[in-house]
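Chains as they are written, first to last, in full-length UniProt numbering: chain A, 1 to 264; chain B, 1 to 793. Don't be surprised by glycine CBs; every beta carbon is placed ideally from N, CA and C. Scroll down for the structure; my scribbles are underneath it.
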């Protein structure tokens, strides 16, 4: 790790200001950033800690949506009564991210801002059609995720929260990478007022994506059997690594979609 | 007087009982002392520049930028280290034809694998040393890398070491009987290709060494996380040109070894060389990435094998063609040909048959060197044998237990010599299988399997019988010219307070050797285990010995401890007899008190005897021997190895949608002769099974075609974790070896030997109705789905 300055702003405005310094970088839970720095793969001038900003921590469960503020840990989401009642699939997803250490440090804002192609939260954000809130605007999930580690965020823009609509039913099914518990393939399937959404993480070289064929099939028949009749998505463009070839991941997309629908 | 092991009510009956581990509180309270805990004055740290290329010629090494880093003291190149550390060649005379080129501590002309150390940076801190290492600029000229095993000997494949002529390190063909005729006349022949994956030990404590050179004494002292301190003493002496008597190797707490820490590593030799050059303590502790790229790997084998049976399921013949790739060098001093050699020695081991042919072909390649890792060769040989036996049973429509029973050597047939020319003193395959079946409810499991199958849930049950080589004699290494002791010694002394100190040549790696020694000595002398203080791992202090490897600690180190303890008992009783004016034969020592053997009346506490001997020796008869220090050594001589045996069973479920294997339960019955400490033996078996399950389901070192290591971290190299492990039921049959009073054989590797085969057979039992079979480890979900034809290709 190279030396850097540590900045601890008390407000979002102060954080945005601190991030305007050259090579300054925000840190939330640090579950990706700290290992990266330890490997000397990054050299920020300063780390701006968002987790001590009171406005960025907390959960507000309303009648038709749930707001999870940016620096809220996965463990807090997993244990929140309101989330468990309104969107149990989201609470369960949070409860199975990484391991207890990760869940008690990692935050939703950090996960969504990083947009790791194998992270769990992007599947829920896209699968539920959530809205990403930042210090300067609101971004619909469909516009927010723009490929592996790429988002609509501008330089220095901070994720202040994610607002999830409450679905009729939804669930997340994950095939874990055995060591890290990242998603080798994870599927969030949701039946919402506006229709069915199926979002897939871990599988595609383009990051989290919606599986249109499954959404269409499930819109008319919300059941695992409706998925069974589908062909698995094309292996072309799926991630291939030592843990799974592209065709294996494509196969898992279908299996995990079935299981998500069955669990919802 | 012999020990009545069969009588649990005998006095001082600690052998055969679970006793507390003397070192457990220390380790549990964080009071252990590992190499990295040591920080002598003037200590410096070394970090290594490692080759990013699988094969490259080394050009100029630019060190100025590294030397400019604050805290960096010196930078060493290969040539500078070679001036004080001579290269080594890892061959053994009894492995005929084995060849390997000279290997240097730091690469001199060429780097031959990704991770080979090519330069060393010494600094006041590890961080500064690493920063310096990142700035060393080596001019590499990449050379073609040999990475594929099966084409390593093809004429168009580049030869890694031109001086050797080809990429063949070793080849051995063993042929007994007439294999071709047996196959020609067989009722059924089954054949398969097996693969075991290259994997590594992943010790919790990485390789660690701290070396000091004291020019005033001309003494080199190495604090070393090693399994074999005396072997390393010799190696340091020979290659650093220091008299052996002026090298001291100290091995305090070690955080797991599994065979990884019994070899000579170039970075560790370079650390010692740097200490000698700089005249100050130098520490090297491998980080996890370095460990993956530089700890020995193992088990990189591809095998074609076939088995011939008659209509009754009797094995007629076995034919095995084993290939393994060992990296660019045979590893010093045990060599990298032993694993393949063991495959030849061990295939078909439990079974009585006549015609056997096996060949191992050991080739060089540009990957991390491989060498002996827990259960050397056994998991491979057992997988080949037991896989084929199950395939034959399926062909014949025979129960897997029944086909084994028809082919085991009878329990009263021993001694026998196997077709591989292994000599078995006494094994218990039938009794072990009987015991296994009493531990598992086979009928209920089969009923559950059928019921689950009707619901589309696929469960499988797999068996694996095995033999395991333990207690090696000099036939393993010494006969080939290696200065590796098969003998081990123990010194036991009584101090004035009546307490006992035992100094042993075997070592503690966290597995409980100290507990084993304490209870053996306690029973041998006649004191409580807590009265015995055990000292291991210091070449200047303990008797000369081999250390810990090949499951020898209890069988050889334990016997030396028992013999020395009994000798001390005799010496104590001789003094006691004089003091009590009694016949020594009528006295005994129980619980630290000299008593009447008959009746047990207390006569003299040991501390009183100690007071007289050490402080009032004038009151004893002149000339009375009062040697309260006794040393004995033990070496096996009737058999080259004490073979053990056992049988394992695995019960698991295969998710045919995802390919995931869920382990439901595992059983192991093994026969390690006399069980000294049931809990320690059971935990050794369990730990060994877990390591075997890792090889079966998870562990694989991946390289790309250019020889780049692809998974050098715990996030990408999968190890078995607690959540995936099944309950394990352990049972024992005891067939003590008659070579020793103690009768103990080794127990440390049996779990690893049999577990992968049991899992493979269980998966195939689950998949058989679906027409699928897997033989390539690890059995990843993707491989299982491919076998099922569930994926596109």
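Length of the line joining the Cα atoms of residue i and residue j
i: residue 192 of chain A; j: residue 156 of chain A; result: 33 Å
i: residue 53 of chain B; j: residue 733 of chain B; result: 51 Å
i: residue 172 of chain A; j: residue 165 of chain A; result: 16 Å
i: residue 433 of chain B; j: residue 160 of chain B; result: 47 Å
i: residue 43 of chain B; j: residue 282 of chain B; result: 6 Å
i: residue 6 of chain B; j: residue 12 of chain B; result: 13 Å
i: residue 284 of chain B; j: residue 130 of chain B; result: 11 Å
i: residue 41 of chain A; j: residue 32 of chain A; result: 11 Å
i: residue 717 of chain B; j: residue 403 of chain B; result: 37 Å
i: residue 67 of chain A; j: residue 785 of chain B; result: 41 Å
i: residue 693 of chain B; j: residue 648 of chain B; result: 12 Å
i: residue 713 of chain B; j: residue 289 of chain B; result: 6 Å
i: residue 243 of chain B; j: residue 514 of chain B; result: 30 Å
i: residue 182 of chain A; j: residue 246 of chain B; result: 53 Å
i: residue 782 of chain B; j: residue 658 of chain B; result: 8 Å
i: residue 739 of chain B; j: residue 556 of chain B; result: 10 Å
i: residue 499 of chain B; j: residue 607 of chain B; result: 8 Å
i: residue 541 of chain B; j: residue 635 of chain B; result: 20 Å
i: residue 682 of chain B; j: residue 240 of chain B; result: 42 Å
i: residue 735 of chain B; j: residue 449 of chain B; result: 34 Å
i: residue 586 of chain B; j: residue 509 of chain B; result: 41 Å
Below-8 Å beta-carbon distance, residue i vs any chain A residue
i: residue 792 of chain B; result: yes
i: residue 702 of chain B; result: yes
i: residue 698 of chain B; result: yes
CB contact check: residue i to chain B, cutoff 8 Å
i: residue 255 of chain A; result: yes
i: residue 251 of chain A; result: yes
i: residue 183 of chain A; result: no
i: residue 242 of chain A; result: yes
i: residue 178 of chain A; result: yes
i: residue 172 of chain A; result: no
i: residue 175 of chain A; result: yes
Three-state secondary structure (DSSP) of residue i
i: residue 166 of chain A; result: coil
i: residue 145 of chain A; result: strand
i: residue 417 of chain B; result: strand
i: residue 765 of chain B; result: helix
i: residue 581 of chain B; result: coil
i: residue 121 of chain A; result: helix
i: residue 7 of chain A; result: strand
i: residue 12 of chain B; result: coil
i: residue 395 of chain B; result: helix
i: residue 648 of chain B; result: strand
i: residue 560 of chain B; result: helix
i: residue 794 of chain B; result: Nothing can be reported for residue 794 of chain B, as the shown portion of chain B is limited to 1 through 793.
i: residue 251 of chain A; result: helix
i: residue 143 of chain B; result: coil
i: residue 602 of chain B; result: strand
i: residue 494 of chain B; result: strand
Min CB distance residue i to chain C below 8 Å
i: residue 776 of chain B; result: No chain C appears in the structure shown, which is made up of the protein chains A and B.
Rounded distance between the beta-carbons of residue j and residue i, thought under 8 Å
i: residue 746 of chain B; j: residue 685 of chain B; result: Actually they are not in contact, since the Cβ atoms of residue 746 of chain B and residue 685 of chain B sit about 11 Å apart, beyond 8 Å.
i: residue 549 of chain B; j: residue 264 of chain B; result: About 13 Å; that fails the 8 Å criterion.
i: residue 276 of chain A; j: residue 196 of chain A; result: No statement about residue 276 of chain A is possible, as the shown extent of chain A runs from 1 to 264 and does not include it.
i: residue 121 of chain B; j: residue 190 of chain B; result: At roughly 56 Å, the Cβ-Cβ gap does not stay under 8 Å, so residue 121 of chain B and residue 190 of chain B are not in contact.
i: residue 327 of chain B; j: residue 369 of chain B; result: 4 Å
Subject >> Completely contained beta strand (DSSP E) runs for the region 308-370 of chain B, where each covers 3 or more residues >> reply: 315-325, 355-363
Original post:
In chain order, which continuous runs of the alpha helix (DSSP H) of length 4 or greater are located wholly inside the region 63-108 of chain B?
Top reply: 64-67, 78-82
Original post:
In the region 23-78 of chain A, which residue ranges form an unbroken alpha helix (DSSP H) of at least 4 residues, counting only runs that do not cross its ends?
Top reply: 33-38
Original post:
What residue ranges within the region 206-252 of chain B form continuous beta strand (DSSP E) runs of no fewer than 3 residues, ordered along the chain?
Top reply: 208-214, 219-224, 247-250
**OP:** Output the residue ranges of the beta strand (DSSP E) runs that lie fully inside the region 509-550 of chain B and measure 3 residues or longer, sorted by chain position.
**Re:** 532-536
Subject >> Ranges of the alpha helix (DSSP H) found wholly within the region 724-750 of chain B, counting only runs of at least 4 >> reply: none
Subject >> Length at least 3, wholly inside the region 411-484 of chain B: the beta strand (DSSP E) runs in chain order >> reply: 458-470
Subject >> Completely contained alpha helix (DSSP H) runs for the region 249-285 of chain B, where each covers 4 or more residues >> reply: 266-278
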